Each structure stands twice: as structure tokens, then as C-alpha cells.
Amino acid sequence: MLTIKKRLFFFDIDETLYSNKKKAILPQTKKLILKLSQMPNTILGIATGRNYRNLNAVEELLPLFKYFVLMNGSLTISDGQIIDESPIPTEHIEEVHKRIQNYQMMAASIGINDAGLYFDEKKDDMELVKEYQKTLDFAIDNQFYLKEKIYLLIVVGADKDKFAPLFKDLDYFNICVWKNHIDLTVKGVNKYYGIKKIKDKYPDHQLICMGDGSNDIEMLEAADIGIAMGNSLYPKVKAAANIVSPHIDDDKMYDFYEEHIL
1 MLTIKKRLFF
11 FDIDETLYSN
21 KKKAILPQTK
31 KLILKLSQMP
41 NTILGIATGR
51 NYRNLNAVEE
61 LLPLFKYFVL
71 MNGSLTISDG
81 QIIDESPIPT
91 EHIEEVHKRI
101 QNYQMMAASI
111 GINDAGLYFD
121 EKKDDMELVK
131 EYQKTLDFAI
141 DNQFYLKEKI
151 YLLIVVGADK
161 DKFAPLFKDL
171 DYFNICVWKN
181 HIDLTVKGVN
191 KYYGIKKIKD
201 KYPDHQLICM
211 GDGSNDIEML
221 EAADIGIAMG
231 NSLYPKVKAA
241 ANIVSPHIDD
251 DKMYDFYEEH
261 IL
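In this text, residue positions in the sequence shown follow UniProt numbering: the first is 1, and each later residue adds one.
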């Protein structure tokens, strides 16, 4: 008798489902997600650093996903309902603001739908702010973190070599280091933290996770099958995975899954 596998998939968005270079979901990726969504005993989820509003990059595929682990695991949503959340305490956000005052750094506070960039006019170079706003699309709002729950802090700026040392003693943060910024979430919160809340509901399902970034390491390590993107810029990501896919822009995702996973 043929046994149908029970599987739970989680995909990163940027440079995994969505090509930032081509600003599109490529044809084989669309074909793969559609195929998986039609398979029995298969559940699809997204695990991303993006907030809820910015899921629009993969808007056409969203109806095929049941679970959303957002802002590096700080917010988990199913069917439009929050099932777990870990907002950052206000005093911890203010400590970050205090620490960056003497550096060429800025902190963006990310809420469920919106974000605000903390800007110190005495210190920050407005040209630098404008440059980051091209990619981050955050409005300057020094009071934003007081107006709603903040789930993720992103620290950017010219002094990027000082990011990790500046915050390493703050034991109430989980620190994710990238090449040009750092992400701060509540201690112990990462993508796998959010995924585990869902995996616990499906103990018999095999967990398969796919991603390319620094914030994907924990979920790749914890997955039954961790798949690193061939385009990942981080050796630790590939080392954490069981298998490495082709580069996203090669548009070979369906072929890869057909050979290794399906």
C-alpha cells in the first residue's frame, strides 16, 4: 500500500520565492508552489523578515499558503489570526536608540503593517537616510515605536562594522547579523521559534524549510530537510542545510524539487 507523505513546507520570500533582481516570482517557482498546494497531506507556510503588509511581493501566491511566520518569528499568523507574538518592550527599543546616537546608524521599528525610521537630526546624514529609504521604504517617525507594537528592529548605517559589538551585551535581544545591517528581535525569537509553534500541531509531518539569509539558519538546522538557496551570500546558511538548490535567477526550482523532494 502506497503511503502518502505528510509534509510541512516553509519558504523564505526574498531571494527564495521572489527574485529581487528580476522583481518577480519566476515561472518554475510558481509551478512548484502550485504543485505542492495540490498535493495531499501537504501544508505550505512562509517564514520571512517582512511584515504583513509587505507580503505583497508574493501576493499572487498567498492564497496557497496557510501559515505566515513574520518578522523573523516575532509574529505568527494563520487565516488572518495572530496565533503567537513577541513584541519588543519599549525600554529595549529606547536602549537601542540611545546606543546608536554617537554612530552613523539608524534604527527602523517594524510593526505588523507599517514601520518608522528613528532619525537623529544632529547626527544622521540625510543623504544616507534617503539612500536607505530607497530600499526600506520607511517614513521618518521618531515616535512610531510608541504608537504600536514593534516586532523587529533593523539597524542600518555607515558604521556597519560596529553593529554586532555595540549590542552584543544586550542579552534580551536575538541578534541576526547581515552584511549591511542587523536584525533585533526578542531573545530566543527567530524563524524556527515561530515555525515550531506550528510544527507542534503536526507532529507526524516532515518539516522542509528553504531560505538564503542569515535569519534562515535556525530553521534550516531544525528542519528534517533544510534547503539553502544556491544564491545565498552566507556560507553559514549553506552549512546549516542538507542540500543546496540552484541560483534563484536560473529558474530551476521545479526541476530541483522534482529531482530531490517530490
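C-beta atoms are modelled at their ideal positions from N, C-alpha and C, and glycine is treated no differently.
Bear in mind the structure is a predicted one, so any value in this text is a computation, not a measurement.
Taking the C-beta atoms as reference points, Lys187 is found no nearer than 9 Å to Leu8. The Cβ atoms of Asp249 and Lys22 sit closer than 9 Å to each other. In the displayed model, Thr29 falls within a helix according to three-state DSSP. When DSSP states are grouped into helix, strand and coil, Phe144 belongs to the helix group. For Ser78, the three-state secondary structure derived from DSSP is strand. Under the three-pair Cβ rule at 8 Å, the stretch 62 to 78 counts as touching the stretch 191 to 206. The bridge partners DSSP lists for Thr42 are Arg7.
Within the same chain, and ignoring the five residues on either side of Ser19 in sequence, the residues whose Cβ sits closer than 8 Å to its Cβ are Ile25, Leu26, Ile248, Asp249. Around the beta-carbon of Gly49, 16 or more other beta-carbon atoms lie within 10 Å, marking it buried. Beta-bridge analysis with DSSP links His181 to Val156.
Membership of Leu166 in the alpha helix (DSSP H) is indicated by the continuous run 163 to 167.
Of all alpha-carbon atoms in Lys201, Asp141, Leu62, Ala115, the one lying nearest the alpha-carbon of Met71 is that of Ala115. Under the criterion of beta carbons closer than 8 Å, Ala107 and Val96 qualify as touching, at roughly 5 Å. Here Gly213 is not near Phe11, since their CB atoms are 9 Å or more apart. Ranked by how close their Cα comes to the Cα of Phe119, the residues Asn113, Asp84, Glu94 have Glu94 in first place. Under the three-state reduction of DSSP output, Asp212 falls in the coil class, being neither helix nor strand. In this structure Ala240 does not touch Ile261 by the C-beta definition: roughly 17 Å separates them, more than the 8 Å allowed. Gly116 is bridged by DSSP to Ser109, Ala139. In the three-state reduction of the DSSP assignment, Asp14 falls in the strand class, which pools E and B. Under the three-state reduction of DSSP output, Asp255 falls in the helix class. Under the DSSP assignment, Ile195 falls in the alpha helix (DSSP H) whose first and last residues are 191 to 199. The beta carbons of Asn51 and Ile110 sit closer together than 9 Å.
A distance below 8 Å between beta-carbons, with the five flanking residues on each side excluded, links Glu148 to the following residues of its chain, in chain order: Gly111, Ile112, Asp114.
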